[in-house]
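Undergrad: Sharing a structure here in structure tokens format.
2 protein chains.
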Amino acid sequence: MSTVTIKDIARLAKVSHTTVSRALNNSPLINDKTKNRIKQMADELNYTPNVNAKGLVTLRSYNIGLFFSTLSTGTSANFFYDVVRGVNMEIKDQYNLVVKSIDEFESNFNRISTRQYDGIIVMSQTRADRALIEHAISKGIPVVLLNRAAGDLVVGNILSDDHKGAYQLVEYIIRSGHQHVAIIEGREGFQSTIQRKNGYLEALKDHSIEPNPELCVQGKYDVGSGYEAMRLLLKSTLRPSAVFCCNDDMAVGAIKAIIEANLRVPEDISIAGFDDNVFAAYLSPELTTVKRPIEQISREGATMIMRMIDQKSKSDKEYANIDVEQITIESKLVIRKSVASITATERLEEHEEYDSRGIR
Amino acid sequence: MSTVTIKDIARLAKVSHTTVSRALNNSPLINDKTKNRIKQMADELNYTPNVNAKGLVTLRSYNIGLFFSTLSTGTSANFFYDVVRGVNMEIKDQYNLVVKSIDEFESNFNRISTRQYDGIIVMSQTRADRALIEHAISKGIPVVLLNRAAGDLVVGNILSDDHKGAYQLVEYIIRSGHQHVAIIEGREGFQSTIQRKNGYLEALKDHSIEPNPELCVQGKYDVGSGYEAMRLLLKSTLRPSAVFCCNDDMAVGAIKAIIEANLRVPEDISIAGFDDNVFAAYLSPELTTVKRPIEQISREGATMIMRMIDQKSKSDKEYANIDVEQITIESKLVIRKSVASITATERLEEHEEYDSRGIR
DNA sequence: CAATAAATTGTTCACGTGTGCAGGCTCTGT
DNA sequence: ACAGAGCCTGCACACGTGAACAATTTATTG
Numbered sequence: 048m049s050t051v052t053i054k055d056i057a058r059l060a061k062v063s064h065t066t067v068s069r070a071l072n073n074s075p076l077i078n079d080k081t082k083n084r085i086k087q088m089a090d091e092l093n094y095t096p097n098v099n100a101k102g103l104v105t106l107r108s109y110n111i112g113l114f115f116s117t118l119s120t121g122t123s124a125n126f127f128y129d130v131v132r133g134v135n136m137e138i139k140d141q142y143n144l145v146v147k148s149i150d151e152f153e154s155n156f157n158r159i160s161t162r163q164y165d166g167i168i169v170m171s172q173t174r175a176d177r178a179l180i181e182h183a184i185s186k187g188i189p190v191v192l193l194n195r196a197a198g199d200l201v202v203g204n205i206l207s208d209d210h211k212g213a214y215q216l217v218e219y220i221i222r223s224g225h226q227h228v229a230i231i232e233g234r235e236g237f238q239s240t241i242q243r244k245n246g247y248l249e250a251l252k253d254h255s256i257e258p259n260p261e262l263c264v265q266g267k268y269d270v271g272s273g274y275e276a277m278r279l280l281l282k283s284t285l286r287p288s289a290v291f292c293c294n295d296d297m298a299v300g301a302i303k304a305i306i307e308a309n310l311r312v313p314e315d316i317s318i319a320g321f322d323d324n325v326f327a328a329y330l331s332p333e334l335t336t337v338k339r340p341i342e343q344i345s346r347e348g349a350t351m352i353m354r355m356i357d358q359k360s361k362s363d364k365e366y367a368n369i370d371v372e373q374i375t376i377e378s379k380l381v382i383r384k385s386v387a388s389i390t391a392t393e394r395l396e397e398h399e400e401y402d403s404r405g406i407r
Numbered sequence: 048m049s050t051v052t053i054k055d056i057a058r059l060a061k062v063s064h065t066t067v068s069r070a071l072n073n074s075p076l077i078n079d080k081t082k083n084r085i086k087q088m089a090d091e092l093n094y095t096p097n098v099n100a101k102g103l104v105t106l107r108s109y110n111i112g113l114f115f116s117t118l119s120t121g122t123s124a125n126f127f128y129d130v131v132r133g134v135n136m137e138i139k140d141q142y143n144l145v146v147k148s149i150d151e152f153e154s155n156f157n158r159i160s161t162r163q164y165d166g167i168i169v170m171s172q173t174r175a176d177r178a179l180i181e182h183a184i185s186k187g188i189p190v191v192l193l194n195r196a197a198g199d200l201v202v203g204n205i206l207s208d209d210h211k212g213a214y215q216l217v218e219y220i221i222r223s224g225h226q227h228v229a230i231i232e233g234r235e236g237f238q239s240t241i242q243r244k245n246g247y248l249e250a251l252k253d254h255s256i257e258p259n260p261e262l263c264v265q266g267k268y269d270v271g272s273g274y275e276a277m278r279l280l281l282k283s284t285l286r287p288s289a290v291f292c293c294n295d296d297m298a299v300g301a302i303k304a305i306i307e308a309n310l311r312v313p314e315d316i317s318i319a320g321f322d323d324n325v326f327a328a329y330l331s332p333e334l335t336t337v338k339r340p341i342e343q344i345s346r347e348g349a350t351m352i353m354r355m356i357d358q359k360s361k362s363d364k365e366y367a368n369i370d371v372e373q374i375t376i377e378s379k380l381v382i383r384k385s386v387a388s389i390t391a392t393e394r395l396e397e398h399e400e401y402d403s404r405g406i407r
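Heads up: the protein sequence lines correspond to chains A and B, in order.
Position in the first sequence (from 1) plus 47 gives the number in this note's numbering.
Position in the second sequence (from 1) plus 47 gives the number in this note's numbering.
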């Protein structure tokens with residue numbers, strides 16, 4: 048119960064506590080023989096270093112913060128899981144991973160200090176976390192920003208190219224013959240929402256398709272919102288022949304709404320998602336989507352923050368000259384079966400069908 | 048950049064650092080006027096207490112560990128997400144939540160000490176984490192065990208009654224007229240796997256149905272394993288009319304396999320899941336399952352560990368007399384549409400159909 | 001063998017905070 | 001005005017560790 052300290056070990060080994068400290072930290076100053084002797088004793092006594100005391104003098108906390116913009120809504124479970132797992136794979140037991148939701152802080156960032164976190168990984172959805180990041184920087188804490196562009200912030204930055212991914216996906220849909228491509232957007236205000244929407248719009252433009260506001264419906268990145276959004280689309284005067292759902296979760300909801308309306312995917316309406324989560328390949332039909340390398344982003348983020356922490360401690364605690372990099376990781380179009388190819392004649396029929404319906 | 052300490056504040060306020068310390072900790076010894084003055088100064092200076100120094104003297108780390116048996120496989124994303132969110136909702140900013148996977152430790156638990164964690168929540172899948180828990184107890188760290196019975200371990204304990212949940216579900220399936228009920232089991236060795244299997248077996252027994260080993264297939268709790276398991280079942284000589292999948296993820300995989308075989312759910316084969324994750328209501332057909340109150344378990348676990356920590360600090364650091372409670376939270380049968388009712392005649396037909404197939 | 005260099009160990013202090021104890025101030029009652 | 005009581009503040013130390021510097025031992029060289 049009573050905790051063993053290096054002083055206890057020192058007494059038993061008949062050396063000074065400094066020697067013990069050095070031995071356990073593998074200092075080259077210590078004779079190998081005594082070093083081993085002390086290490087063994089520490090082992091037998093079940094010695095555990097006191098992180099507080101250690102941190103007090105080394106200015107380290109051995110904590111890495113992993114902050115999400117929000118954990119309540121708009122963060123999908125698969126995404127969250129992949130991120131935590133990815134980061135955890137890299138930091139192993141060198142650091143504690145402290146998971147927090149930014150909206151918890153209520154703009155009181157004073158609890159965020161060098162003493163609390165050696166580094167911070169921000170899984171960012173919105174620019175609203177700028178204040179927090181600036182606070183961290185001002186405190187001299189290395190920061191890595193994932194998932195959105197850093198802009199003028201001096202932080203490590205790892206991104207996936209959502210704009211390009213969405214563009215490629217929508218282009219594929221258009222080339223499959225679809226003219227009326229709807230979009231179920233992500234949660235309002237999220238950077239990913241904006242990026243994907245822009246990719247969608249650009250693809251339409253490059254293929255001379257006029258975007259139709261009626262075919263753009265707001266979602267919230269969760270299954271339920273995808274369902275509701277699709278129901279809205281089904282009621283619109285111009286029924287889309289394909290729908291780009293801004294993540295896979297919403298695609299599940301959308302498919303549900305379509306089937307409830309006694310229509311088929313993809314024969315009547317094609318559906319595409321974004322993320323390529325673990326379910327995507329197991330839906331019926333298998334979901335055509337964009338693989339976003341979430342785990343890879345997280346792992347890169349983890350190694351980057353550790354690099355920055357090391358660099359900082361080596362460069363005499365001067366934050367200013369930490370190099371910050373920006374890495375973009377490519378997303379990848381994954382073609383499965385939820386988007387149908389339609390020919391020109393089919394397209395015509397579809398329109399006639401729509402016209403005749405429009406009358407009633 | 049340079050950090051503000053209570054000594055700095057003391058100098059500026061022309062008092063001793065002791066007074067500052069007391070003022071900031073709301074000690075009744077300090078005059079309200081000076082107290083407010085000091086607090087305001089601390090605010091203006093953006094003072095952040097040094098947790099290490101604080102912890103060094105108060106014997107606290109302000110960390111709560113949240114340990115999962117594994118994060119690599121066998122823990123579903125939705126489950127993980129719900130747990131972290133639930134715990135986070137309760138501990139707010141009083142503690143740091145440190146997420147770890149137990150298999151990281153490689154049975155070197157020496158990093159787990161009172162200094163590191165004020166308390167530990169173990170989301171346990173298997174008895175293999177016993178060594179870790181015993182280590183924590185021996186170090187005097189309060190522990191709450193979620194998800195499996197504590198047995199003789201002196202820890203707080205919060206459970207869902209998986210056995211009962213599975214029993215009720217399988218009973219419902221049988222009462223719907225199914226005689227050949229298969230099971231796709233969870234990951235081998237997990238307590239939940241055993242509990243759910245036992246519930247299944249007991250329900251069969253109570254309705255005088257002989258369990259058939261051919262209808263019991265091992266899964267791993269992930270989508271892919273559900274798919275593979277179902278493919279196996281489809282090849283079995285006795286085709287089941289209903290399948291109890293031990294979690295919702297595997298149910299998704301199973302449904303996929305059935306549809307690929309040109310069969311329908313639930314007309315040809317009924318499917319039931321376990322967990323009631325966010326997708327369950329949005330599958331086609333909507334999944335009949337058992338709602339496991341994961342979030343509630345996690346929240347209760349969080350409040351319990353905080354209670355234990357408080358109790359320990361009050362009772363003069365004597366771990367022995369911390370009260371440990373055991374709470375069981377009921378799971379609940381959620382009837383949707385993936386289990387069909389079949390009449391006696393249908394059952395007969397089905398058998399004939401099966402027999403005729405069996406011949407070829 | 002002495003002198004010097006090298007290797008190893010010990011002494012002392014600092015990190016930032018909280019607390020027991022001692023002391024000073026103010027107020028009250030006489 | 002003075003003693004005593006009560007309120008407030010400060011001094012000094014402790015927590016466990018690491019590091020600069022000092023001291024000691026051992027190895028090396030002429």
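Ideal Cβ placement from N, Cα and C applies to all residues, glycine included.
From a predicted model like this one, the values you see are computed outputs, not experimental measurements.
Considering only their Cβ atoms, is the gap separating V312 (chain A) from K379 (chain A) smaller than 9 angstroms?
TA: Translated into positions along the first sequence, residue 379 (chain A) becomes position 332. Translated into positions along the first sequence, residue 312 (chain A) becomes position 265. No, Cβ-Cβ distance for K379 (chain A) and V312 (chain A) is not below 9 angstroms.
Undergrad: If you draw a straight line from the alpha carbon of N204 (chain B) to that of S108 (chain A), how long is it in whole angstroms?
TA: Taking the first residue of the second sequence as 1, we reach residue 204 (chain B) at position 157. Taking the first residue of the first sequence as 1, we reach residue 108 (chain A) at position 61. Each residue's Cα considered, the two are about 30 angstroms apart.
Undergrad: CA-CA distance, G320 (chain A) and A298 (chain A)?
TA: Taking the first residue of the first sequence as 1, we reach residue 320 (chain A) at position 273. Taking the first residue of the first sequence as 1, we reach residue 298 (chain A) at position 251. Taking the straight line from one Cα to the other gives about 6 angstroms.
Undergrad: How would you call L334 (chain B), buried or exposed, if buried means at least 16 neighbouring beta carbons within 10 angstroms?
TA: Residue 334 (chain B) sits at position 287 when you count from the first residue of the second sequence. Per the 10 Å Cβ criterion, buried.
Undergrad: Within 10 angstroms of its Cβ, does N97 (chain A) collect 16 or more other Cβ (buried), or is it exposed?
TA: Here residue 97 (chain A) corresponds to residue number 50 of the first sequence, with the count starting at 1. Its Cβ being crowded by 16 or more others within 10 Å, N97 (chain A) is buried.
Undergrad: What residue range is occupied by the uninterrupted alpha helix (DSSP H) comprising K326 (chain B)?
TA: Locating residue 326 (chain B) in the second sequence gives position 279, where the first residue counts as 1. In the sequence as presented, Lys is not what sits at residue 326 (chain B); that position holds Phe. Where F326 (chain B) is concerned, there is no enclosing alpha helix (DSSP H), given that its DSSP letter is neither H nor E.
Undergrad: Would you kindly report the start and end of the unbroken alpha helix (DSSP H) that includes K359 (chain A)?
TA: The count along the first sequence starts at 1 and reaches residue 359 (chain A) at position 312. K359 (chain A) -> alpha helix (DSSP H) spans 341-361.
Undergrad: Throw me the rounded Cβ distance for the S207 (chain B) and R69 (chain B) pair, which I believe falls under 8 angstroms.
TA: Position 160 of the second sequence, counted from the start, is the residue given in the question as residue 207 (chain B). Position 22 of the second sequence, counted from the start, is the residue given in the question as residue 69 (chain B). The pair is not a contact, with the Cβ atoms about 46 angstroms apart (cut-off 8 angstroms).
Undergrad: What are the boundary residues of the alpha helix (DSSP H) that includes E232 (chain B)?
TA: If you number the second sequence from 1, residue 232 (chain B) lands on position 185. From DSSP, E232 (chain B) is part of no alpha helix (DSSP H) but of the beta strand (DSSP E) over 228-232.
Undergrad: Check the Cβ-Cβ distances between D140 (chain A) and every residue of chain B, and say whether any is below 9 angstroms.
TA: Here residue 140 (chain A) is taken as the residue at index 93 of the first sequence, counted from 1. Cβ-Cβ to chain B under 9 angstroms: yes for D140 (chain A).
Undergrad: If you measure from the beta carbon of D253 (chain A) to each beta carbon in chain B, is any gap under 9 angstroms?
TA: Position 206 of the first sequence, counted from the start, is the residue given in the question as residue 253 (chain A). No - not a single Cβ of chain B is within 9 angstroms of the one on D253 (chain A).
Undergrad: Looking at chain B, is there any beta carbon in it that lies within less than 9 angstroms of the beta carbon of N294 (chain A)?
TA: Taking the first residue of the first sequence as position 1, residue 294 (chain A) is located at position 247. So no, N294 (chain A) is outside the interface.
Undergrad: Answer yes or no: do E232 (chain B) and C293 (chain B) have a C-beta to C-beta separation smaller than 9 angstroms?
TA: Along the second sequence, read from residue 1 onward, the residue named residue 232 (chain B) stands at position 185. Along the second sequence, read from residue 1 onward, the residue named residue 293 (chain B) stands at position 246. Closer than 9 angstroms, so yes.
Undergrad: So L192 (chain A) packs on I180 (chain A), CB below 8 angstroms; how close in whole Å?
TA: Position 145 of the first sequence holds residue 192 (chain A). Position 133 of the first sequence holds residue 180 (chain A). Sure, about 7 angstroms apart at Cβ, within 8 angstroms.
Undergrad: Does the separation of the CB atoms of D269 (chain A) and S116 (chain A) fall below 9 angstroms?
TA: Walking along the first sequence from the start, residue 269 (chain A) turns up at place 222. Walking along the first sequence from the start, residue 116 (chain A) turns up at place 69. No; because the gap between Cβ atoms is not below 9 angstroms, this pair is not in contact.
Undergrad: At a Cβ threshold of 9 angstroms, is Q358 (chain A) touching chain B?
TA: The residue labelled residue 358 (chain A) in the question sits at position 311 within the first sequence. Cβ-Cβ to chain B under 9 angstroms: no for Q358 (chain A).
Undergrad: Which residues in the same chain have their Cβ closer than 6 angstroms to the Cβ of C263 (chain B), if we skip the five residues on either side of it in sequence?
TA: Here residue 263 (chain B) is taken as the residue at index 216 of the second sequence, counted from 1. Around C263 (chain B): I230.
Undergrad: Give a yes or no on whether 9 angstroms exceeds the smallest Cβ distance from V299 (chain B) to chain A.
TA: On the second sequence, position 252 is the one that residue 299 (chain B) refers to. It does: the Cβ of V299 (chain B) has a partner Cβ on chain A nearer than 9 angstroms.
Undergrad: Identify the contact partners of Y219 (chain B) in chain A, using a Cβ-Cβ distance below 9 angstroms as the criterion.
TA: If you number the second sequence from 1, residue 219 (chain B) lands on position 172. What Y219 (chain B) touches in chain A: nothing, since even the nearest Cβ is about 23 angstroms away.
Undergrad: For the 8 angstroms Cβ check, are there 3 or more pairs between the region 83-90 of chain A and the region 129-141 of chain A?
TA: The region 83-90 of chain A is not in contact with the region 129-141 of chain A.
Undergrad: Kindly list, in the order they appear in chain B, the residues whose Cβ is closer than 9 angstroms to that of Y214 (chain A).
TA: Sequence index remark: in the first sequence, residue 214 (chain A) carries index 167 (1-based). Result: empty, since nearest Cβ-Cβ is about 28 angstroms, beyond 9 angstroms.
Undergrad: Could you tell me whether the region 240-260 of chain A touches the region 207-227 of chain A, where touching means 3 or more Cβ pairs closer than 8 angstroms?
TA: Contact between the region 240-260 of chain A and the region 207-227 of chain A is present, because at least three Cβ pairs lie under 8 angstroms.
Undergrad: For I376 (chain A), name the three-state secondary structure that DSSP assigns.
TA: Residue 376 (chain A) sits at position 329 when you count from the first residue of the first sequence. The answer is strand: DSSP assigns I376 (chain A) an E or B state.
Undergrad: Using a Cβ-Cβ distance under 9 angstroms, would Y329 (chain A) count as near chain B?
TA: What you label residue 329 (chain A) is simply residue 282 of the first sequence in a count that begins at 1. Yes - at least one Cβ of chain B is within 9 angstroms of the one on Y329 (chain A).
Undergrad: Measuring CB to CB, does R177 (chain B) end up less than 9 angstroms from L200 (chain B)?
TA: Against the second sequence, residue 177 (chain B) aligns to sequence position 130. Against the second sequence, residue 200 (chain B) aligns to sequence position 153. Yes, Cβ-Cβ distance for R177 (chain B) and L200 (chain B) is below 9 angstroms.
Undergrad: Strictly below 8 angstroms CB to CB, what residues from chain A border S108 (chain B)?
TA: Here the question's residue 108 (chain B) lines up with position 61 in the second sequence. Result: V98, N99.
Undergrad: Using 8 angstroms for Cβ pairs, my map puts V169 (chain A) next to F114 (chain A). What's the rounded Cβ distance?
TA: Taking the first residue of the first sequence as position 1, residue 169 (chain A) is located at position 122. Taking the first residue of the first sequence as position 1, residue 114 (chain A) is located at position 67. The Cβ separation is near 5 angstroms, so the contact holds.
Undergrad: Can you look up F127 (chain A) in the DSSP assignment and give me helix, strand or coil?
TA: The count along the first sequence starts at 1 and reaches residue 127 (chain A) at position 80. Note: F127 (chain A) maps to helix in three-state DSSP.
Undergrad: Can you give the Cα-Cα distance for T375 (chain B) and K359 (chain B), rounded to whole angstroms?
TA: Here residue 375 (chain B) corresponds to residue number 328 of the second sequence, with the count starting at 1. Here residue 359 (chain B) corresponds to residue number 312 of the second sequence, with the count starting at 1. Spanning the two alpha carbons is a distance of roughly 24 angstroms.
Undergrad: Along chain A, which residues have their Cβ under 7 angstroms away from the Cβ of V131 (chain B)?
TA: Numbered from 1 along the second sequence, position 84 holds the residue referred to as residue 131 (chain B). Under the 7 angstroms cutoff, chain A gives V146.
Undergrad: Indicate whether V371 (chain A) and M353 (chain A) have their beta-carbon atoms separated by less than 9 angstroms.
TA: The residue you call residue 371 (chain A) lines up with position 324 of the first sequence. The residue you call residue 353 (chain A) lines up with position 306 of the first sequence. Contact flag unset, no.
Undergrad: 9 angstroms is my cut-off, CB to CB: does E137 (chain B) come that close to chain A?
TA: As a first step, residue 137 (chain B) is located in the second sequence; it is residue number 90 there, counting from the start. No, because no Cβ of chain A sits closer than 9 angstroms to the Cβ of E137 (chain B).
Undergrad: Could you tell me the alpha carbon to alpha carbon distance between P287 (chain B) and E261 (chain B), rounded to whole angstroms?
TA: Along the second sequence, read from residue 1 onward, the residue named residue 287 (chain B) stands at position 240. Along the second sequence, read from residue 1 onward, the residue named residue 261 (chain B) stands at position 214. Each residue's alpha carbon lies about 10 angstroms from the other.
Undergrad: Identify whether S185 (chain B) lies in helix, strand or coil by the three-state DSSP scheme.
TA: Residue mapping note: residue 185 (chain B) aligns to position 138 of the second sequence, counting from 1. Helix, per DSSP.
Undergrad: Within 9 angstroms of any Cβ in chain B, is that where the Cβ of I344 (chain A) sits?
TA: Walking along the first sequence from the start, residue 344 (chain A) turns up at place 297. So no, I344 (chain A) is outside the interface.
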